[in-house]
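J.:
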Amino acid sequence: MGSLEPNLRQNIKGEEHKDLTLDFITHVPIAFERRKKRLLIASAIYRFYRFSAKFLSQRFLLGIALECEFILRRICLEITNSELEGRDLRLEKKREFILKNISNVGRVIDLGCACGTDTVWLHKITGRKTIGIDHNLELINTAKSRYNKKDLEFFCLDALQFMKEDQRILEQNDLVFLSHIVEHIDYPSIMLTELSEYFKYSYVEVPDYLDSDPLAQAKLQLGSRLLYSDDDHTFEYSRISIRGLLLDCGWRIVDSEFYGGVSRFWCKSERKSR
Numbered sequence: 002m003g004s005l006e007p008n009l010r011q012n013i014k015g016e017e018h019k020d021l022t023l024d025f026i027t028h029v030p031i032a033f034e035r036r037k038k039r040l041l042i043a044s045a046i047y048r049f050y051r052f053s054a055k056f057l058s059q060r061f062l063l064g065i066a067l068e069c070e071f072i073l074r075r076i077c078l079e080i081t082n083s084e085l086e087g088r089d090l091r092l093e094k095k096r097e098f099i100l101k102n103i104s105n106v107g108r109v110i111d112l113g114c115a116c117g118t119d120t121v122w123l124h125k126i127t128g129r130k131t132i133g134i135d136h137n138l139e140l141i142n143t144a145k146s147r148y149n150k151k152d153l154e155f156f157c158l159d160a161l162q163f164m165k166e167d168q169r170i171l172e173q174n175d176l177v178f179l180s181h182i183v184e185h186i187d188y189p190s191i192m193l194t195e196l197s198e199y200f201k202y203s204y205v206e207v208p209d210y211l212d213s214d215p216l217a218q219a220k221l222q223l224g225s226r227l228l229y230s231d232d233d234h235t236f237e238y239s240r241i242s243i244r245g246l247l248l249d250c251g252w253r254i255v256d257s258e259f260y261g262g263v264s265r266f267w268c269k270s271e272r273k274s275r
């Protein structure tokens, strides 16, 4: 590795970082010059902080900074998701994890399918009937207009409502796919327990917010109002608490991964009788 360092320092500078591939930066550290180009806005904000620290408490300033960090992060994520193109390494890792475990799975229900991106991919790799469920009618209509395939269906229903009204359909499927759904549910233990009665397998993905965010502990100590990663979340889970929830609800964890700010689990039901 040491022999690479001179070339890295010669070739990886400033604007050239934008041309780096995801594969490259995954395996090779990025080198920087000792003296960095000054960022005017960042420098001005830091100077303002240093000046304010003479009159205001560090605790008060930290509270303001955490609130600013929350809204700026949300803006950055929204712009990133809507504007930036190219490879998505997080999505690739997610699909690698699923492919490693899905070989014995038949039909799938994707609860909280949004516009159907994961649903269509699951249908493609399993070759079996796949159903997408979401409570947002606009997203369901988008999915229906984009994807018109045999053995691929989309329904606009609340997840718990669907479970109560369509138990016959539930019994015909092997995998329930829950990607960023559990943290939005008011009573996740009830839902996960009921799902363990019908499905042989589950895929569960939630934000790894409390463990991967270095500022989460500071927010806990300050009693911050913004101790969540999304306005619609009813729960935020640590790696220990999400594991505990799954086990308590009748799911045995077969495989798990923590990457890119998310926790993902492949589970097998301990309750399903058939």
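What the sequence shown shows, in the numbering used here, is residues 2 to 275, in sequence order.
Idealized CB from N, CA, C, for every residue including glycine.
Here the structure is a predicted model, which is why all the values come from computation and not from measurement.
Check L228 in the structure and name its three-state DSSP category.
T.: coil
J.: How would you call T81, buried or exposed, if buried means at least 16 neighbouring beta carbons within 10 angstroms?
T.: exposed
J.: Could you tell me the alpha carbon to alpha carbon distance between R96 and I126, rounded to whole angstroms?
T.: Near 10 Å, if we compare the C-alpha coordinates of I126 and R96.
J.: Touch check for the stretch 53-62 and the stretch 199-217: three-plus C-beta pairs under 8 Å?
T.: When C-beta atoms of the stretch 53-62 are compared with those of the stretch 199-217, fewer than three pairs fall below 8 Å, so the two segments do not count as touching.
J.: Flag this pair as touching only if the stretch 257-264 and the stretch 200-216 have three or more C-beta atom pairs under 8 Å; answer yes or no.
T.: yes
J.: The beta strand (DSSP E) that contains R253, what's its start and end?
T.: Its beta strand (DSSP E) spans residues 252-260.
J.: Can you tell me the Cα-Cα spacing of F200 and L92, whole angstroms?
T.: 24 Å
J.: Return helix, strand or coil for I76, following the three-state DSSP convention.
T.: helix
J.: What does DSSP give as the partner residues of T131 in its beta bridges?
T.: V109, L153
J.: Given that a residue counts as buried once 16 or more other Cβ atoms are within 10 Å of its Cβ, and exposed if not, what is F266?
T.: buried
J.: Throw me the rounded Cβ distance for the S197 and W252 pair, which I believe falls under 8 Å.
T.: 6 Å
J.: Run through DSSP, which three-state label would C268 get?
T.: Strand at C268.
J.: Can you give me the C-alpha to C-alpha distance between A115 and F155, rounded to a whole angstrom?
T.: 10 Å
J.: On the CB-based measure, 16 or more other CB atoms within 10 Å of its CB, does A43 come out buried or exposed?
T.: That one is exposed.
J.: Per DSSP, what kind of secondary structure is F52 in: helix, strand or coil?
T.: helix
J.: Taking 8 Å as the cut-off, decide whether the C-beta atoms of T131 and R147 are in contact.
T.: no
J.: Touch check for the stretch 66-75 and the stretch 133-140: three-plus C-beta pairs under 8 Å?
T.: no
J.: Any idea if S270 is buried or exposed, counting beta-carbon neighbours within 10 angstroms, 16 or more meaning buried?
T.: That one is buried.
J.: Return the CA-CA distance between R226 and N149, expressed in angstroms with no decimal places.
T.: The alpha-carbon separation between R226 and N149 amounts to approximately 43 Å.
J.: S242 to T235, Cα distance in whole Å?
T.: Near 14 Å, if we compare the C-alpha coordinates of T235 and S242.
J.: What number of angstroms, rounded off, separates the C-alpha of Q59 from the C-alpha of D175?
T.: Distance between the alpha carbons of Q59 and D175: 53 Å.
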